[in-house]
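**Q** Quick one: structure below, then a few questions.
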Amino acid sequence: MTLTLDNQSQIRESSLTQALRQIQQLNSKIQELEQQHQDYVRSQQNLIPAIAEICVSPMQEIEALRILIYRGEAACRRYLRSVLVKQREGFLKI
């Protein structure tokens with residue numbers, strides 16, 4: 001009888017230990033995802049002044065913001081580079 005109770009106690013303790021370990025792993029993953037989200041938001045916010053500086057028309061700004069929102073930072077940077085190239089080409093023609 002004592003062995004049965006000890007085994008059951010060990011099984012319960014083992015299950016609780018596993019559950020605690022899983023909770024700790026989930027908390028770590030949550031913290032990692034929160035940090036990635038903050039980095040993502042910060043990188044997008046850093047592009048907004050560049051959009052305002054580079055884009056010469058409201059339509060360009062709207063397009064840049066739309067690209068940033070729907071396709072991400074890299075696509076927005078490509079769009080801004082293309083706007084700069086077009087501006088330089090237009091400036092050189094004058």
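Residues in the sequence shown are numbered consecutively from 1, following the working numbering.
For each residue, glycine too, the CB sits at the ideal point set by N, CA and C.
1. Rounded to whole angstroms, what is the Cα-Cα separation between I48 and Q31?
2. Could you compute how far the alpha carbon of Q36 sits from the alpha carbon of N46?
3. Tell me, to the nearest whole angstrom, how far the beta carbon of A52 is from that of E61; I am working on the premise that it is less than 8 Å.
4. What does the Cβ neighbour count give for A64, buried or exposed, with the cut at 16 atoms within 10 Å?
5. Sorry if obvious, but does the Cβ on E32 come closer than 8 Å to a heavy atom of the ligand MG?
**A** If we stick to the structure as given:
1. Cα to Cα, I48 sits roughly 26 Å from Q31.
2. Taking C-alpha positions only, Q36 is separated from N46 by approximately 15 Å.
3. Confirmed, about 7 Å.
4. A64 sits buried, since 16 or more C-beta atoms from the chains shown fall within 10 Å of its C-beta.
5. Judged by which ligands are present, the structure shown has none, so any question about the ligand MG falls away.
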